[in-house]
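One structure is given here, and the rest of the page talks about it.
There are 2 protein chains.
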Amino acid sequence: MPQVSLSRRLRRTPFSDGVEAAGVKAYTVYNHMLLPTVFESIEADYRHLKDHVQVWDVACERQVELRGPDAGRLMQMLTPRDLRGMLPGQCRYVPIVDETGGMLNDPVAVKLAEDRWWISIADSDLLFWVKGLVQGYRLDVLVDEPDVSPLAIQGPKADELMARVFGNRVRDIRFFKYDMFDFEGRNLVIARSGYSKQGGFEIYVEGGDIGMPLWNALFAAGEDLQVRAGCPNLIERIEAGLLSFGNDMTDDNTPHECGLGRFCDTATAIGCVGRDALLRVAREGPVQQIRAISIAGDPVPGCDRVWPLLAGGKRIGQVTSAAWSPDFRTNVAIGMVRMTHWDAGTEIEVETPEGLRRATVQEQFWL
Amino acid sequence: MPQVSLSRRLRRTPFSDGVEAAGVKAYTVYNHMLLPTVFESIEADYRHLKDHVQVWDVACERQVELRGPDAGRLMQMLTPRDLRGMLPGQCRYVPIVDETGGMLNDPVAVKLAEDRWWISIADSDLLFWVKGLVQGYRLDVLVDEPDVSPLAIQGPKADELMARVFGNRVRDIRFFKYDMFDFEGRNLVIARSGYSKQGGFEIYVEGGDIGMPLWNALFAAGEDLQVRAGCPNLIERIEAGLLSFGNDMTDDNTPHECGLGRFCDTATAIGCVGRDALLRVAREGPVQQIRAISIAGDPVPGCDRVWPLLAGGKRIGQVTSAAWSPDFRTNVAIGMVRMTHWDAGTEIEVETPEGLRRATVQEQFWL
């Protein structure tokens with residue numbers, strides 16, 4: 004693997020000193036920011052994540068903050084998910100679509116108050132789309148990127164570690180809800196959420212200056228829990244069917260193609276700029292959709308580009324994420340498959356850089 | 004240096020096969036795409052660039068295409084540079100600003116026709132800002148990212164190499180003009196431009212399928228010219244004062260702070276969304292501005308974060324790019340300096356990760 008050339012443009016995070024001290028071996032770049040991808044090895048990190056607890060620098064989940072009388076209206080313009088029933092204290096996964104229904108991002112929206120929201124974004128400059136709409140529609144809302152850097156605590160021992168630092172009340176937070184907790188006099192949003200299926204929390208660290216004090220407090224409190232620095236794990240997230248914007252979906256795709264139709268209330272999401280475009284696809288359904296796919300044979304190489312899916316020599320889709328799963332003893336993959344071949348059990352072929360492999364459409368993801 | 008984890012999200016380019024075969028050693032990520040940064044070494048690449056000719060994969064300079072009756076109006080909304088006199092066949096460096104006058108990008112605009120433009124962008128999703136404006140203002144213009152990947156030919160032998168592949172007419176292209184040239188039946192825009200001061204061209208390769216054939220044709224034609232794969236060179240671009248968006252300037256900065264006031268016709272750029280915000284700064288001038296800075300002593304380490312500039316122990320600016328220059332036998336740097344200390348010859352200090360160094364504000368860049 005080639006090296007990454009560091010520069011200010013690939014922004015460091017409030018936790019980078021800790022990440023480096025923990026021996027990070029590889030990065031990706033996400034929202035113009037460094038996101039660790041490997042500490043010991045992807046396989047060892049995976050094992051540890053499933054058995055213990057990890058602290059993840061996911062500061063690259065930058066926030067787009069909306070503040071002002073039109074904040075709620077603007078939030079609904081961005082997504083086909085009906086947000087009318089949403090209350091402060093709640094988080095929601097919200098597909099963000101453009102006027103054609105194409106996905107621009109798939110963030111988590113955090114409702115702080117009736118007139119204040121954070122959008123915790125995937126890898127695209129969503130701020131630019133939001134600012135353009137605000138300018139064009141002359142909305143009364145302030146939009147910017149605040150000094151907020153998420154730190155994720157993930158793994159089966161996450162509750163125990165968090166309770167030691169923030170008190171037992173942290174155990175009461177329900178999935179995709181948040182509450183406020185004190186750290187060194189700072190009042191922080193902590194949500195039960197995160198980009199793994201091993202359970203855990205995301206701390207919205209407001210103010211970069213308390214990043215390393217918090218990092219150090221977590222490691223000091225969790226020594227006997229075998230706490231380690233970790234990061235979103237390629238194998239675990241594929242097993243769990245956690246999509247990656249830019250990998251498994253792009254602005255070419257509708258939410259329905261991505262299997263996110265359950266987050267689209269196209270009939271009632273009045274004001275969403277992509278609503279008209281999605282009405283038809285919501286009624287008729289997409290002609291291709293995300294599927295779990297197993298790939299036969301030895302561990303596949305890294306999937307750094309689209310791998311065509313074939314049936315009878317004809318292209319019927321593509322794989323965009325793949326890895327060997329130690330727990331399931333097969334190659335797990337995420338792909339987009341045409342409706343002619345998307346039924347569970349369908350045998351197809353995938354064109355990897357090392358040649359054709361047999362592949363099977365799965366009923367569901369592995370976890 | 005840590006490695007970069009490759010994935011589909013960090014997009015390959017039509018030239019990636021050639022880049023890999025040439026032995027790329029490091030990448031950065033730019034517009035969600037791989038941009039090579041090192042082949043032999045930064046110093047060896049620098050020497051070769053100044054002596055011979057290089058082929059650069061700068062496909063990451065993605066294009067935002069504007070097409071339709073409102074294309075010209077939209078283009079003027081984006082920039083404070085007055086574009087009224089601009090003709091098809093011309094390119095212009097255009098600061099792009101938001102409603103507060105903050106820099107969102109610093110691309111080259113290519114006017115293809117009265118109703119068709121390409122914006123060859125730096126590292127931000129400018130497409131999102133443009134799409135938001137189009138949606139909000141209901142403009143009659145189509146906006147998208149076409150399959151166009153720039154390939155730069157840079158260095159003193161660039162004219163000779165290009166003439167061998169495209170004919171002698173290529174020598175007649177003047178600076179920041181373009182003309183159309185045939186390659187394998189495809190009609191390509193070729194401009195005299197590029198991110199170095201060694202002279203050369205940018206080929207706007209339309210259609211990824213001809214990427215490698217063109218790459219191979221250039222290498223076959225230039226063997227005796229010692230043509231090599233190259234990339235924007237950190238040392239050369241600092242010597243030349245070529246700013247890097249995200250490194251030397253961000254949306255915190257106005258064009259005037261970046262020394263780009265000469266590209267702002269604030270009085271006449273009617274329709275630019277940032278015009279009101281820039282009127283005052285255009286009249287009164289900025290309070291801080293980009294300067295060339297030399298740093299004393301041994302070669303500095305890589306500048307991967309802001310280095311504070313100090314005078315009398317007080318912060319008066321920051322360095323954001325720095326490298327040892329073999330030709331000028333000093334550390335060359337780009338920084339933002341407050342007006343109290345921006346005069347040429349002012350002695351200041353810079354806080355590097357290896358401690359304080361003496362630094363001097365220069366009259367101009369080195370080239």
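Going down the list, the protein sequences come from chains A and B. Quick note on numbering: the numbering used here labels position 108 of the first sequence as 111, and the sequence is numbered without any gaps. Quick note on numbering: the numbering used here labels position 156 of the second sequence as 159, and the sequence is numbered without any gaps. Here a beta-carbon is modelled for each residue, glycine too, at the ideal position from N, C-alpha and C. Bear in mind the structure is a predicted one, so any value in this text is a computation, not a measurement.
Counting only Cβ pairs nearer than 8 Å, list the residues of chain B close to residue i.
i: N1 of chain A; result: Residue numbering for chain A in the displayed model covers 4 to 370; residue 1 of chain A lies beyond these limits and cannot be assessed.
i: D307 of chain A; result: L9, S10, R11, L13, R15
i: T40 of chain A; result: S8
i: Y30 of chain A; result: P5, Q6, V7, S8
i: P107 of chain A; result: Looking at the sequence provided, one finds Leu at residue 107 of chain A rather than Pro. In chain order: F131.
i: T323 of chain A; result: R11
Along chain A, in chain order, which residues have C-beta atoms closer than 7 Å to that of residue i?
i: E102 of chain B; result: Q138
Quick one, are the C-beta atoms of residue i and residue j less than 8 Å apart?
i: V41 of chain A; j: A232 of chain A; result: no
i: W132 of chain A; j: G135 of chain B; result: yes
i: A155 of chain A; j: F179 of chain A; result: no
i: P289 of chain B; j: E260 of chain B; result: yes
i: C267 of chain B; j: A285 of chain B; result: yes
i: V208 of chain A; j: L221 of chain A; result: no
i: P153 of chain A; j: S199 of chain A; result: no
i: P5 of chain A; j: A74 of chain B; result: no
i: V97 of chain B; j: T82 of chain B; result: yes
i: A161 of chain B; j: G104 of chain B; result: no
i: A280 of chain A; j: R84 of chain A; result: no
i: G274 of chain B; j: Q79 of chain B; result: yes
i: V322 of chain A; j: D346 of chain A; result: no
i: A112 of chain B; j: R167 of chain B; result: no
i: E350 of chain A; j: R332 of chain A; result: no
i: L228 of chain B; j: V56 of chain B; result: yes
Using a Cβ-Cβ cutoff of less than 8 Å, which residues in the same chain neighbour residue i once the five nearest sequence positions on both sides are dropped?
i: A116 of chain A; result: P91
i: S328 of chain A; result: I238, I241, E242, N334, V335, W369
i: F248 of chain B; result: M106, N108, D109, A125, D126, S127
i: D118 of chain A; result: R70, G71, P72, A74, G75
Less than 6 Å between C-beta atoms, sequence neighbours within five positions excluded: which residues of the same chain meet that for residue i?
i: V32 of chain B; result: L13
i: E376 of chain A; result: The requested residue 376 of chain A does not occur in the structure, where chain A is confined to residues 4 to 370.
i: R318 of chain B; result: P311
i: D182 of chain A; result: I176
Determine the chain B residues that contact residue i at a beta-carbon separation under 9 Å, and present them in chain order.
i: S127 of chain A; result: H35, D128, F131
i: Y49 of chain A; result: The premise fails here: Y49 of chain A is roughly 14 Å from chain B at the closest Cβ pair, so nothing lies under 9 Å.
What in chain B is Cβ-close to residue i, meaning under 7 Å?
i: S247 of chain A; result: R12
i: V27 of chain A; result: P5
i: K134 of chain A; result: D101, W132, G135
Quick one: give me the first and last residue of the beta strand (DSSP E) that residue i is part of.
i: G358 of chain A; result: 358-364
i: N219 of chain A; result: Taken as a continuous stretch (DSSP letters only), N219 of chain A belongs to no beta strand (DSSP E), being part of the alpha helix (DSSP H) at 214-224.
i: W120 of chain A; result: 119-123
i: M183 of chain A; result: 181-186
i: G260 of chain A; result: The question names Gly, but residue 260 of chain A is Glu in the sequence shown. Where E260 of chain A is concerned, there is no enclosing beta strand (DSSP E), given that its DSSP letter is neither H nor E.
i: R189 of chain B; result: 189-194
Give me whichever residues DSSP pairs with residue i in a beta bridge.
i: N334 of chain B; result: B:I298, B:W327
i: G75 of chain B; result: Note: G75 of chain B sits in no beta bridge, so no partner.
i: P149 of chain A; result: Beta-bridge pairing links P149 of chain A to no other residue.
i: M36 of chain B; result: B:R14, B:Y33
i: A232 of chain A; result: A:V58
i: N108 of chain B; result: B:I99
i: E68 of chain A; result: A:W121, A:D147
i: C63 of chain A; result: DSSP output for C63 of chain A lists no bridge partner at all.
i: R318 of chain A; result: A:L313
i: V7 of chain B; result: A:Y30
i: T355 of chain B; result: B:G358
Under DSSP, the alpha helix (DSSP H) around residue i begins and ends at which residues?
i: R278 of chain B; result: 278-287
i: W310 of chain B; result: Where W310 of chain B is concerned, there is no enclosing alpha helix (DSSP H), although the beta strand (DSSP E) it sits in stretches over 310-314.
i: S19 of chain B; result: 19-24
i: R50 of chain B; result: 45-54
Sorted by chain position, which residues of the same chain lie with C-beta nearer than 7 Å to residue i's C-beta, five sequence neighbours on each side aside?
i: G210 of chain A; result: D150, R189
i: G354 of chain A; result: Rather than Gly, the amino acid found at residue 354 of chain A in this sequence is Glu. Result list for E354 of chain A: W310, P311, L313, in chain order.
i: V22 of chain B; result: P39, D60, A232
i: Q381 of chain B; result: No information on residue 381 of chain B is available, as it lies outside the stretch 4 to 370 that chain B covers here.
i: R177 of chain A; result: R195
Which chain A residues sit within Cβ distance under 8 Å of residue i?
i: V276 of chain B; result: Q138
Residue i versus chain A: which residues are under 9 Å apart at the beta carbon?
i: K114 of chain B; result: Per Cβ cutoff of 9 Å: no residues; K114 of chain B is ~22 Å from chain A at best.
Can you tell me whether residue i sits near the ligand ATP, meaning its C-beta is under 7 Å from at least one heavy atom of the ligand?
i: G92 of chain A; result: The ligand ATP is not among the ligands present in this structure, which contains no ligands whatsoever.
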